[in-house]
Every structure is written in C-alpha cells, then in structure tokens.
C-alpha cells in the first residue's frame with residue numbers, strides 16, 4: 001500500500017476548560033475520523049456529546065499505550081484516519097501519546113498536529129514572566145525529598161521554570177519552592193479557562209498566606225511558574241582569556257563566536273581575540 005493510501009493520525013488538542021476553545025478544524029476532524037484514541041473514553045464521550053458527534057472510541061492511556069500501537073497501525077494501514085486526544089489540552093504534553101506517535105512515525109505513518117489549547121502556553125501568555133526561554137518540567141515528584149532534589153537541580157537555571165501541579169500537592173510544592181528557591185517571583189495559574197480561573201502573583205510564601213486566607217485558592221488544577229535564577233556577577237579580573245578560548249574551542253564553538261564571547265567578558269578588540277583563537281586552534 002502506498003503512503004498516500006494510508007490513513008492519517010491526527011493529534012488533536014481539546015479544551016482545557018472552556019468548550020468554545022475547540023477549533024472548527026479540530027471539531028471537523030473528530031467528526032470525520034474512523035476512531036478516536038482517548039486517554040479517558042468517558043471524558044471524551046461527554047465532549048463528543050456536547051458537539052453532537054458520534055464516533056468509535058478506543059482507550060489509550062499510560063498502562064495500555066504500547067499494546068495499542070499495532071491495533072491503530074492496522075487501522076491506518078487499511079486507509080482509516082485516527083484522532084488522538086487527551087483528557088484536556090494538547091496530547092503528549094504531560095499526557096500519553098509519545099509511545100504511539102514515535103512508533104507510528106518510525107513505521108512511516110503520517111502524523112498531523114491539530115493545534116489548540118495547552119495549559120502550559122496559556123499560563124505563560126498571561127503570567128508576565130519572561131517567555132523567550134523557559135523550562136517545562138511537568139509534574140514535580142510526589143515525595144518531598146525527591147521534589148526538593150529536583151528543584152535543587154533546577155535552581156541555577158536562568159529560564160522561567162514551569163510545572164503542573166494537582167490540588168492535593170500544591171501547598172507542599174509551594175513550601176518546597178520557598179525552601180529551595182527562596183523569594184523568587186512565582187505566578188500561579190489556577191483552573192485556566194474555567195469559571196473560577198485565577199492568577200496569583202508573589203513569592204511562594206506569600207501565595208501560601210493567600211491560600212490560608214482563602215482555601216478555595218488551593219483547589220483545582222495548577223500551572224506553577226517561577227522566575228529563573230538571577231544572573232551572577234562575574235569577576236572579570238579573575239578570568240583567563242586564553243583558558244576561556246581553549247574551553248570554548250574544545251566544546252566545538254567556532255573561532256569567531258569564541259572571540260566574541262571573550263571580548264564581551266574581558267573587553268579588548270574582538271579582532272585581537274580572534275587572532276588569538278586562530279593561533280590556539282592551530283596549536284591544537
């Protein structure tokens with residue numbers, strides 16, 4: 001069978017709360033496919049009922065995903081289209097689907113994303129924290145020791161840190177963020193696109209005080225966003241330009257780029273550092 005005669009797997013983003021956020025394209029695809037692979041078929045059935053769509057549903061979650069690959073590949077090979085959805089938002093973003101998509105792509109099947117709601121992106125867009133670079137870490141570990149260790153590992157990162165969190169662990173996670181990351185700015189997005197959507201802004205300790213005053217603020221699904229580590233002051237007097245050039249060149253950085261970095265750190269003419277870098281590279 002030629003690739004063009006095979007079916008397509010559509011990775012379809014669904015609403016994270018407000019059902020009006022489902023795009024017309026996504027609705028059309030859900031109506032047209034032969035089967036929808038859903039994380040929770042009961043949850044997806046309610047969405048389809050709201051849309052007035054009748055379609056065959058197949059469960060696909062973390063415990064059976066690998067076993068579904070052959071079954072869905074056979075449907076695609078027979079020319080049928082399949083949609084993959086999670087309970088809410090974009091599949092594979094802290095949700096099942098990676099195993100299926102990887103296997104089907106390796107098998108030569110066509111995979112088409114149908115973009116739409118994503119709690120991670122929605123939260124960042126309204127947080128007021130830097131978004132040119134960020135680190136998404138999914139859910140923090142459930143146990144305190146592992147959670148603090150994970151935060152320690154990220155403590156020196158300069159990018160905005162983003163986590164998902166559940167209501168029964170939100171206070172514990174904020175306590176650990178306060179203990180490990182200190183007084184950094186934290187923005188907490190709760191119940192995005194739903195009736196009681198809120199954004200809380202402050203240090204982790206301040207947000208815990210707000211939850212003490214209003215326990216409702218600890219309910220719902222959360223996106224935690226934490227400001228990255230502030231830049232450290234560099235003692236340029238202690239830096240060795242030759243050593244820095246050697247290290248950069250050893251890591252595969254180009255001569256021109258290495259010279260530019262050292263010139264920015266230590267001053268001096270970029271051309272002189274460029275010539276020095278050329279000499280070091282020639283010497284091996």
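Numbering (the UniProt record's numbering), first residue to last: 1 to 284. For glycine and all other residues, C-beta sits at the position ideal for the given N, C-alpha and C.
Just tell me which of the options has its CA closest to the CA of residue i.
i, options, result
"residue 180", "127, 129 and 154", "154"
"residue 215", "171, 104, 283 and 143", "171"
"residue 125", "71, 192, 178 and 184", "192"
"residue 63", "78, 32, 41 and 96", "96"
"residue 228", "240, 147, 102 and 158", "158"
"residue 254", "242, 46, 241 and 278", "278"
"residue 244", "131, 230 and 260", "260"
"residue 31", "18, 48 and 20", "48"
"residue 147", "164, 16, 131 and 160", "164"
"residue 195", "66, 14, 79 and 19", "19"
"residue 204", "198, 33, 185 and 217", "185"
"residue 134", "156, 90, 200 and 212", "156"
"residue 75", "33, 102 and 106", "33"
So residue i packs on residue j, CB below 8 Å; how close in whole Å?
i, j, result
"residue 177", "residue 226", "6 Å"
"residue 7", "residue 81", "5 Å"
"residue 219", "residue 167", "5 Å"
"residue 122", "residue 187", "Residue 122 to residue 187, Cβ: 12 Å. No contact."
"residue 37", "residue 68", "7 Å"
"residue 138", "residue 86", "Incorrect: roughly 13 Å between the Cβ atoms, too far for contact."
"residue 160", "residue 198", "Wrong, their Cβ atoms sit about 19 Å apart, outside the cutoff."
For residue i and residue j, I'd like the C-alpha separation in whole angstroms.
i, j, result
"residue 206", "residue 169", "17 Å"
"residue 136", "residue 129", "14 Å"
"residue 25", "residue 52", "15 Å"
"residue 100", "residue 61", "10 Å"
"residue 58", "residue 12", "15 Å"
"residue 282", "residue 77", "56 Å"
"residue 1", "residue 43", "Legend: pLDDT at residue 1 = 48, less than 50; position of this residue unreliable, value from coordinates given subsequently. Cα to Cα, residue 1 sits roughly 35 Å from residue 43."
"residue 230", "residue 41", "45 Å"
"residue 246", "residue 221", "48 Å"
"residue 70", "residue 22", "29 Å"
"residue 273", "residue 263", "7 Å"
"residue 284", "residue 268", "24 Å"
"residue 115", "residue 280", "49 Å"
"residue 183", "residue 56", "50 Å"
Is the beta carbon of residue i less than 9 Å from the beta carbon of residue j?
i, j, result
"residue 189", "residue 119", "yes"
"residue 151", "residue 174", "no"
"residue 117", "residue 16", "yes"
"residue 79", "residue 5", "yes"
"residue 111", "residue 248", "no"
"residue 83", "residue 35", "yes"
"residue 287", "residue 104", "Look at the range of the chain in this structure, 1 to 284, and you will see that residue 287 is not part of it."
"residue 276", "residue 241", "yes"
"residue 217", "residue 200", "yes"
Indicate whether at least one CB of chain D lies closer than 9 Å to the CB of residue i.
i, result
"residue 273", "No chain D is part of this structure, which consists of one protein chain only."
4-residue-minimum alpha helix (DSSP H) runs that sit fully inside the segment 165 to 226, ordered along the chain: 170 to 181 and 204 to 213
Runs of alpha helix (DSSP H) lying entirely within the segment 232 to 275, each at least 4 residues, in chain order: 241 to 250 and 255 to 266
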